[in-house]
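Enquirer: In the UniProt record's numbering, the protein residues as written are 1 to 518.
Where is the CB? At the ideal position from N, CA and C, for every residue including glycine.
Source: prediction; values computed, not measured.
What follows is a single structure, and I will ask about it in a moment.
See the structure below:
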């Protein structure tokens with residue numbers, strides 16, 4: 001503000017971002033503001049059932065000329081469209097394959113039972129026929145709800161979603177920025193990501209990706225939207241399926257509104273108000289535009305919202321850690337240690353956990369975890385919208401000072417340890433930091449906060465180790481001997497792959513698979 005009012009300022013004058021819009025303000029935004037759709041909203045048209053898709057498209061048509069799509073959104077739509085289509089088909093195939101495998105197992109069981117009980121052949125065949133009919137009904141039910149083929153090879157011809165989008169977005173997509181402007185925006189976006197300025201800083205792992213914009217994608221969407229409001233005037237309503245904290249003001253699990261920094265930035269640049277909604281919010285307020293929406297459509301949009309902007313689940317976290325371990329990456333230990341430390345692991349601790357030398361750089365450190373996360377997403381094990389499992393944190397320089405894991409990953413790792421905590425009774429004294437005569441099959445990884453043992457059924461058992469060992473580790477660090485002893489442990493682990501013996505836990509634990517015992 002350039003001038004001071006005689007009667008002073010109000011509580012929101014310099015803190016506009018903290019005013020939570022009421023229902024009247026949100027309804028007015030739907031009626032009057034420029035409405036920008038994020039790429040995930042357009043892509044979710046492939047994820048919705050047909051009724052939900054039609055309801056949302058009816059709302060978008062009512063917006064008329066106020067609907068606008070930034071050029072970066074369109075770029076991301078075309079980049080990700082086919083993978084969304086393939087993922088939907090893949091999930092259906094997984095279910096049908098599971099049915100087929102289960103049916104074969106059931107038939108084998110019936111055959112085995114018939115042979116051992118001397119059942120008549122006609123009775124055996126009748127049971128097999130009943131099983132086939134049951135699985136046939138299951139297959140038909142799944143296929144009835146499966147997405148129809150969209151003709152990937154055929155392009156837009158005959159593809160209903162593309163046809164409707166082509167009509168809806170005609171003349172409403174922003175032009176591509178000039179090359180110099182594009183480069184400058186990418187540079188600015190990268191700087192904002194490094195400084196954790198919203199939006200988009202949670203995409204920092206994309207900085208080393210093959211994407212032309214690197215980690216600046218969300219910033220490009222934001223900048224192009226702000227530029228359009230500067231040209232048009234009026235307020236801005238962003239509809240997005242992204243619920244990460246680099247767009248939204250959140251308190252714990254509650255979404256309050258747009259990030260206050262974004263509200264202030266838009267007001268300072270355009271004297272305009274920022275509103276944000278998720279697709280479910282827009283569907284619930286369809287009456288503002290005199291559009292009737294079925295309650296089932298809102299439920300379906302909520303389902304897709306959970307899928308696209310999902311959080312990490314125990315199954316997802318365990319799958320990620322297991323694959324990192326299986327490929328020999330130290331990142332699984334880094335994630336476990338970060339959970340022990342409350343979600344943030346300093347750079348120097350990463351070097352200790354991984355046994356890196358002082359000359360080792362951490363550029364590209366997040367790539368293995370990001371790659372495996374994408375693989376798990378393709379398999380339907382991890383939701384598409386999960387936050388990166390490892391996010392670098394910067395403080396004015398080019399080197400990451402620490403890495404952060406999502407809060408739900410911290411909770412999952414800790415809860416997993418609580419659920420499976422026990423002491424091994426075989427040859428392990430409660431006060432001893434050694435484990436003797438354990439059948440060693442393969443030493444997998446040095447742990448940072450406890451020993452995790454894995455048997456052939458992948459059940460996890462955590463050994464709570466002696467407090468004296470933790471004190472020993474602390475003294476070793478103080479004496480500067482910890483890294484040297486780490487290397488000794490590595491050599492011991494190599495020997496353990498081919499022999500039986502005692503394990504001294506120089507780090508707080510060691511992870512090994514256990515043989516089943518009869």
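Could you give the distance in angstroms between the alpha-carbon of residue 523 and the alpha-carbon of residue 50?
Expert: Missing from the structure shown is residue 523; the chain here goes from 1 to 518 and no further.
Enquirer: Between the region 41-48 and the region 296-306, are three or more C-beta pairs nearer than 8 Å?
Expert: yes
Enquirer: According to DSSP, which residues form a beta bridge with residue 249?
Expert: Answer is 257.
Enquirer: Between residue 325 and residue 358, what straight-line distance do the alpha-carbon atoms span, to the nearest angstrom?
Expert: 24 Å
Enquirer: Going along the chain, which residues of its own chain have a beta-carbon closer than 6 Å to the beta-carbon of residue 135, five neighbours each way excluded?
Expert: 99 and 103
Enquirer: What are the partner residues of residue 398, as DSSP defines its beta bridges?
Expert: Answer is none; residue 398 lacks a bridge partner.
Enquirer: Indicate the three-state DSSP secondary structure (helix, strand or coil) for residue 365 in the structure shown.
Expert: Correct three-state label for residue 365: coil.
Enquirer: Among the residues of its own chain, which have a CB less than 7 Å from the CB of residue 519, if the five just before and after it don't count?
Expert: In the structure as shown, the chain begins at 1 and stops at 518. Residue 519 is therefore absent and cannot be evaluated.
Enquirer: By the 10 Å Cβ neighbour count, where 16 or more other Cβ atoms means buried, how is residue 292 classified, buried or exposed?
Expert: Residue 292 is exposed by the Cβ-count criterion.
Enquirer: List the endpoints of the continuous beta strand (DSSP E) containing residue 282.
Expert: First-last for residue 282: 279-284, but that is the alpha helix (DSSP H), not the beta strand (DSSP E).
Enquirer: With 8 Å as the threshold, decide whether the Cβ of residue 278 is near any Cβ in chain B.
Expert: Looking at the structure shown, chain B is missing, and only one protein chain is on hand.
Enquirer: Specify the secondary structure class of residue 222 as computed by DSSP and reduced to three states.
Expert: helix
Enquirer: Can you give me the Cβ contacts of residue 62 inside the same chain, cut-off strictly under 8 Å, excluding the 5 residues immediately before and after it?
Expert: Result list for residue 62: 289, 290 and 291, in chain order.
Enquirer: Given a cut-off of 8 Å on the beta-carbon distance, is the pair residue 256 and residue 249 in contact?
Expert: Yes, they are a contact pair.
Enquirer: Using CA coordinates, which residue listed in 65, 86 and 189 is at the minimum distance from residue 223?
Expert: Residue 189 is the option with its Cα nearest to residue 223.
Enquirer: For residue 121, count the other beta carbons within 10 Å of its own beta carbon; 16 or more makes it buried, fewer makes it exposed. Which is it?
Expert: The residue is exposed, with fewer than 16 neighbouring Cβ atoms inside 10 Å.
Enquirer: With a 10 Å radius around its C-beta and 16 neighbouring C-beta atoms as the bar for buried, classify residue 262 as buried or exposed.
Expert: buried
Enquirer: On a CA-only basis, which of 171, 36 and 65 is nearest residue 73? Give me that one, please.
Expert: Of 171, 36 and 65, the residue nearest in Cα terms is 36.
Enquirer: Mark residue 366 as exposed unless 16 or more other C-beta atoms lie within 10 angstroms of its C-beta, in which case mark it buried.
Expert: buried
Enquirer: Would you say residue 33 and residue 75 are within 8 Å of each other, going by their C-beta atoms?
Expert: no
Enquirer: Between which residues of its own chain and residue 165 is the CB-CB distance below 8 Å, once the five residues before and five after are set aside?
Expert: 42 and 45
Enquirer: What number of angstroms, rounded off, separates the C-alpha of residue 113 from the C-alpha of residue 133?
Expert: 20 Å
Enquirer: Distance check for residue 416 and residue 322, CA to CA, integer angstroms please.
Expert: 14 Å
Enquirer: For residue 345, write down the residues that DSSP places opposite it in a beta bridge.
Expert: 403
Enquirer: How about residue 203 and residue 218: do their beta carbons lie closer than 8 Å?
Expert: yes
Enquirer: Just the C-alpha distance for residue 163 and residue 57, rounded to the nearest angstrom, thanks.
Expert: The alpha-carbon atoms of residue 163 and residue 57 are separated by roughly 12 Å.
Enquirer: Which first and last residues belong to the alpha helix (DSSP H) in which residue 321 is found?
Expert: If you look at residue 321, you'll find it in the alpha helix (DSSP H) that goes 314-326.
Enquirer: I'd like the list of long-range same chain contacts for residue 364, defined as Cβ closer than 8 Å, with 5 residues on each side in sequence excluded.
Expert: 208
Enquirer: Helix, strand or coil for residue 11, going by three-state DSSP, please let me know.
Expert: coil
Enquirer: What number of angstroms, rounded off, separates the C-alpha of residue 449 from the C-alpha of residue 340?
Expert: Note that residue 449 scores a pLDDT of 38, beneath 50, so its modelled location is shaky; the value from the coordinates is reported in the next line. Going from the Cα of residue 449 to the Cα of residue 340 covers about 7 Å.
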